[in-house]
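Novice: Which chain is which? The protein sequence lines are L and G, in order.
Position 102, counted from 1, in the first sequence is what the UniProt record's numbering calls 102; the numbers after and before it change by one each time, with no gaps.
Position 231, counted from 1, in the second sequence is what the UniProt record's numbering calls 231; the numbers after and before it change by one each time, with no gaps.
Backbone N, C-alpha and C define an ideal beta-carbon position, used for all residues, glycine too.
Pasting a structure below so you can have a look.
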Amino acid sequence: MSALDVKQLTKTYKGGFQALKGIDLTVDEGDFFALLGPNGAGKSTFIGILASLVNKTGGTVKVFGEDQDRTPELVKSFIGLVPQEFNFNLFLPVVEVVLNQAGYYGIPRREAKVRAERYLKQLDLWDRRDTEMRKLSGGLKRRLMIARALVHEPRLLILDEPTAGVDIEIRRSMWTFLRELNARGTTIILTTHYLEEAESLCRNIAIINHGEIAERTSMLTLLDRLNTETFVLNLKGRLSELPELGGFVLQHLDDCTLEVEMSRRHTISGLFEALSRNGIEVISLRNKQNRLERLFLEMVDRRAGAGWSSADPATAPDDAREVIA
Amino acid sequence: MSRQGVGGYRHWISFQTIFVKEILRFTRIWVQTILPSVITTTLYFVIFGRLIGDRIGTMGGLDYLDFIVPGLVLMGVITNAYSNVVSSFYSSKFSRYIEELLVSPAPDWVILAGYVAGGVARGLVVGLAVMLVAMIFTEIRIHSVAVTLLVITMTAVLFALGGFINAIYANSFDDISIVPTFVLTPLTYLGGVFYSIELLPGFWQGVSLANPVLYMVNAFRYGLQGVSDIPVGIAFGIIAIFILVLGAFSLYLLRRGVGIKT
Numbered sequence: 001m002s003a004l005d006v007k008q009l010t011k012t013y014k015g016g017f018q019a020l021k022g023i024d025l026t027v028d029e030g031d032f033f034a035l036l037g038p039n040g041a042g043k044s045t046f047i048g049i050l051a052s053l054v055n056k057t058g059g060t061v062k063v064f065g066e067d068q069d070r071t072p073e074l075v076k077s078f079i080g081l082v083p084q085e086f087n088f089n090l091f092l093p094v095v096e097v098v099l100n101q102a103g104y105y106g107i108p109r110r111e112a113k114v115r116a117e118r119y120l121k122q123l124d125l126w127d128r129r130d131t132e133m134r135k136l137s138g139g140l141k142r143r144l145m146i147a148r149a150l151v152h153e154p155r156l157l158i159l160d161e162p163t164a165g166v167d168i169e170i171r172r173s174m175w176t177f178l179r180e181l182n183a184r185g186t187t188i189i190l191t192t193h194y195l196e197e198a199e200s201l202c203r204n205i206a207i208i209n210h211g212e213i214a215e216r217t218s219m220l221t222l223l224d225r226l227n228t229e230t231f232v233l234n235l236k237g238r239l240s241e242l243p244e245l246g247g248f249v250l251q252h253l254d255d256c257t258l259e260v261e262m263s264r265r266h267t268i269s270g271l272f273e274a275l276s277r278n279g280i281e282v283i284s285l286r287n288k289q290n291r292l293e294r295l296f297l298e299m300v301d302r303r304a305g306a307g308w309s310s311a312d313p314a315t316a317p318d319d320a321r322e323v324i325a
Numbered sequence: 001m002s003r004q005g006v007g008g009y010r011h012w013i014s015f016q017t018i019f020v021k022e023i024l025r026f027t028r029i030w031v032q033t034i035l036p037s038v039i040t041t042t043l044y045f046v047i048f049g050r051l052i053g054d055r056i057g058t059m060g061g062l063d064y065l066d067f068i069v070p071g072l073v074l075m076g077v078i079t080n081a082y083s084n085v086v087s088s089f090y091s092s093k094f095s096r097y098i099e100e101l102l103v104s105p106a107p108d109w110v111i112l113a114g115y116v117a118g119g120v121a122r123g124l125v126v127g128l129a130v131m132l133v134a135m136i137f138t139e140i141r142i143h144s145v146a147v148t149l150l151v152i153t154m155t156a157v158l159f160a161l162g163g164f165i166n167a168i169y170a171n172s173f174d175d176i177s178i179v180p181t182f183v184l185t186p187l188t189y190l191g192g193v194f195y196s197i198e199l200l201p202g203f204w205q206g207v208s209l210a211n212p213v214l215y216m217v218n219a220f221r222y223g224l225q226g227v228s229d230i231p232v233g234i235a236f237g238i239i240a241i242f243i244l245v246l247g248a249f250s251l252y253l254l255r256r257g258v259g260i261k262t
């Protein structure tokens, strides 16, 4: 069964700007799906329509076979949304935010309390349950948005830039949590600007651009289309001049470090042979991506152990008060 | 979905959640929400009721202090029912946490009912507080409990709906204070709170009849004291019509997503 089946979805804003130009998209149940695209491509409009925050101009949206126009309440109960922007009442304590959301979905208070405890604990927020929202750091707010979106146990979770602005440690912890959630059967649609995030998490992908689906394929198929790969080589001796190696693009990072961009038609053994012919010896080699992140995570893991970080406790002044009567 | 309520029960939980949230909001900041009306009306009772009122004598067959009690109670109800909804709903728009409700399966009428009930609750709490203050200055005898309760509740519902519509259209915090200042206050002051319309010349009596607050004040005065410038049945009819019109319009605005969806 399709978790999401969108046909000819259009959205034209007042003033005539056409944000979506007839989108067709299907996401299978149980999928971990990436929706990528540049700023202004239409991703947020698309998600807004799915979550009933934006009125569509035309087309149909079906979630687990239910038409959004015919059974809107049922469709809403299937979806959990983690929006890009913070949208809390900053004067409420953490647990109230989650309990209220459960109440809006019609979950009785007793059951809501059980679920709130479960998800706040899973996201390491239980100790902060009585803290007012305005006193939470950005990373903690992001986690709370996930807990809030899960309290009604949706079958389809939509995450719009869930890790924007959070540190690497929290981002990795979120990834682990989302992977586990997906493994338990929740279909997930993710938008992100961190391509590594999409690559690491998602099995299928759609790229949206100028309000249209430019590509819809599996992650593996897409990655196979990458023609080049970049490696960084640590050399045994100093290298003053770059040799000419056919098929490899070399760049000096420093006297003892080379960056090599190579086509997928070539092999690493071919690269070593070419270097060897030029009298260059290599001590070690690494893929260019993610080195700093890994190093940082190793350091953090050694220091604090794996898991969620306890970010800074207060970001709002204590003397702020709700003043609207 | 397994243990979530279904149908009416689920809607009841949603309504309850919004209603309780609203009550907690205005009771948490009671110094801003309840106290000002109580202090203002106490001053009205002292100045207009005791100091000036004793020199005025009677109005509409009642001591002046007794005459202004229903109007002052209703003024507190109107202002607070309106303010509660307009402030709360606009704040939820401004800070975007209205989205918590919009993504949920709570139907439009449940959202509207929850906010309106919150406004009514604040209006009635303030109305009761003002009534208790009035009892310090004069003896309150209720002529008809049913009429009194019905008028005060219907009036609170009507102005809570007005506050909701104001909040839907408001684009800034200035927009939520314009209507109370330039529309609500004049309507209330000219709605027979402090005087009987019999004192006015014929033309201005006619103009006063176009003011809906006049009907509410008089119906409420009838409920408390058995005296009214206007037949109570007509007053109820007019309040009910306004409630139906504003209620239907509020639902239409919610359904279209005016001011809350793009």
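Is it true that the CB of L:S52 sits closer than 7 Å to the CB of L:K14?
Specialist: No, the Cβ-Cβ distance between L:K14 and L:S52 is not below 7 Å.
Novice: Against chain G, with Cβ distances strictly below 7 Å, would L:Y119 count as a contact?
Specialist: Closer than 7 Å: no.
Novice: Per DSSP, L:A34 is paired with what?
Specialist: L:A34 is bridged to L:L190, L:I205.
Novice: When DSSP labels each residue in this structure, what does G:L214 get in the three-state scheme?
Specialist: Helix.
Novice: Can you tell which of L:E261, L:R264, L:A198, L:I188 has the C-alpha that lies nearest to the C-alpha of residue 336 of chain L?
Specialist: Outside the displayed span of chain L (1 to 325) sits residue 336 of chain L, for which this structure offers no information.
Novice: Could you tell me whether the Cβ of G:A99 comes closer than 7 Å to any Cβ of chain L?
Specialist: The sequence shown places Glu at residue 99 of chain G, not Ala. So yes, G:E99 belongs to the interface.
Novice: Where do the N-terminal and C-terminal ends of the alpha helix (DSSP H) with L:F46 fall, by residue?
Specialist: 43 to 50 is the extent of the alpha helix (DSSP H) around L:F46.
Novice: Does DSSP classify L:M1 as helix, strand or coil?
Specialist: In the structure shown, L:M1 sits in coil (DSSP, three-state: anything other than H, G, I, E or B).
Novice: Excluding the five sequence neighbours on either side, which residues of its own chain have a C-beta within less than 6 Å of the C-beta of G:V151, listed in chain order?
Specialist: So the qualifying residues of the chain are A219, F220, G223.
Novice: For G:I18, count neighbouring Cβ atoms within 10 angstroms of its own Cβ and tell me buried if that reaches 16, exposed if not.
Specialist: That one is buried.
Novice: Determine, using beta carbons only, whether G:I243 and G:V157 come nearer to each other than 7 Å.
Specialist: Yes, Cβ-Cβ distance for G:I243 and G:V157 is below 7 Å.
Novice: Taking contact to mean at least 3 C-beta pairs separated by less than 8 Å, is the stretch 6 to 26 of chain G in contact with the stretch 48 to 59 of chain G?
Specialist: Not touching, per the Cβ criterion.
Novice: Which of the residues in the stretch 101 to 115 of chain G, read from start to end, lie with their CB under 8 Å from any CB of chain L?
Specialist: Those would be L101, L102, V103, S104, P105, A106, P107, in chain order.
Novice: Please report the straight-line C-alpha distance between G:I142 and G:Q225, rounded to a whole angstrom.
Specialist: If I take the Cα positions, the gap works out to 6 Å.
Novice: Using 7 Å as the limit for Cβ to Cβ distance, is L:L297 near chain G?
Specialist: In this predicted model, L:L297 has a pLDDT of only 45, less than 50, meaning its place in the structure is not dependable enough to derive any value.
Novice: If I measure Cβ to Cβ from L:K236 and keep anything under 6 Å in the same chain, skipping five residues before and after, which residues do I get?
Specialist: Here the set comprises E281, I283.
Novice: Just checking my contact of L:F248 with L:M262 at CB under 8 Å: how many whole Å lie between their CB atoms?
Specialist: L:F248 to L:M262, Cβ: 5 Å. Contact.
Novice: Compare the beta carbon distance of G:T153 and G:V77 with 7 Å and say whether it is the shorter of the two.
Specialist: No, the Cβ-Cβ distance between G:T153 and G:V77 is not below 7 Å.
Novice: Using a C-beta to C-beta distance shorter than 7 Å, which residues of chain G count as neighbours of L:E73?
Specialist: Ordered by position in chain G, the residues that pass the 7 Å Cβ test against L:E73 are P105, P107.
Novice: Helix, strand or coil for L:I23 per DSSP?
Specialist: Residue state, collapsed to three classes: strand.
Novice: Any residues in the stretch 100 to 111 of chain L with a beta carbon nearer than 7 Å to a beta carbon of chain G? Which ones, in chain order?
Specialist: Residues N100, Q101, G103, Y104, Y105, G106, I107, P108, E111.
Novice: Going by CA-CA distance only, name the one from G:L132, G:I176, G:F173 that's closest to G:V73.
Specialist: The shortest C-alpha separation from G:V73 is found at G:L132.
Novice: I'd like to check one pair, G:A117 with G:V69: are the Cβ atoms closer than 7 Å?
Specialist: Taking 7 Å as the Cβ cut-off, G:V69 and G:A117 do not qualify as a contacting pair.
Novice: Taking three-plus beta-carbon pairs below 8 Å as touching, is the stretch 90 to 107 of chain L in contact with the stretch 62 to 72 of chain L?
Specialist: These segments do not touch.
Novice: So with Cβ pairs under 7 Å, would you call L:F64 a contact of chain G?
Specialist: It does not; no Cβ of chain G falls within 7 Å.
Novice: Would you report the Cα separation of G:A235 and G:V120, rounded to the nearest angstrom?
Specialist: Each residue's Cα considered, the two are about 19 Å apart.
Novice: With L:G185 and L:G80 assumed to form a contact (beta carbons below 8 Å), what rounded beta-carbon distance in angstroms separates them?
Specialist: With a Cβ gap of about 13 Å, L:G185 and L:G80 do not count as contacting.
Novice: Classify L:A164 as helix, strand or coil using the three-state DSSP reduction.
Specialist: Coil at L:A164, not helix or strand.
Novice: Rounding to the nearest angstrom, what Cα-Cα distance links G:Y97 and L:N89 in this structure?
Specialist: Using only the alpha carbons, I get a separation of about 6 Å.
Novice: With the cut-off set at 7 Å, would you say L:P83 and L:D160 are in Cβ contact?
Specialist: It is a contact, given that the beta carbons lie within the stated cut-off.
Novice: With C-beta atoms as the reference, is L:F86 less than 7 Å away from L:K141?
Specialist: Contact flag set, yes.
Novice: Whose C-beta lies closer than 7 Å to the C-beta of L:G305 among residues of the same chain, with five residues either side of it excluded?
Specialist: Any reading at L:G305 is ruled out, since the residue's pLDDT is 46, under 50, leaving its predicted position unreliable.
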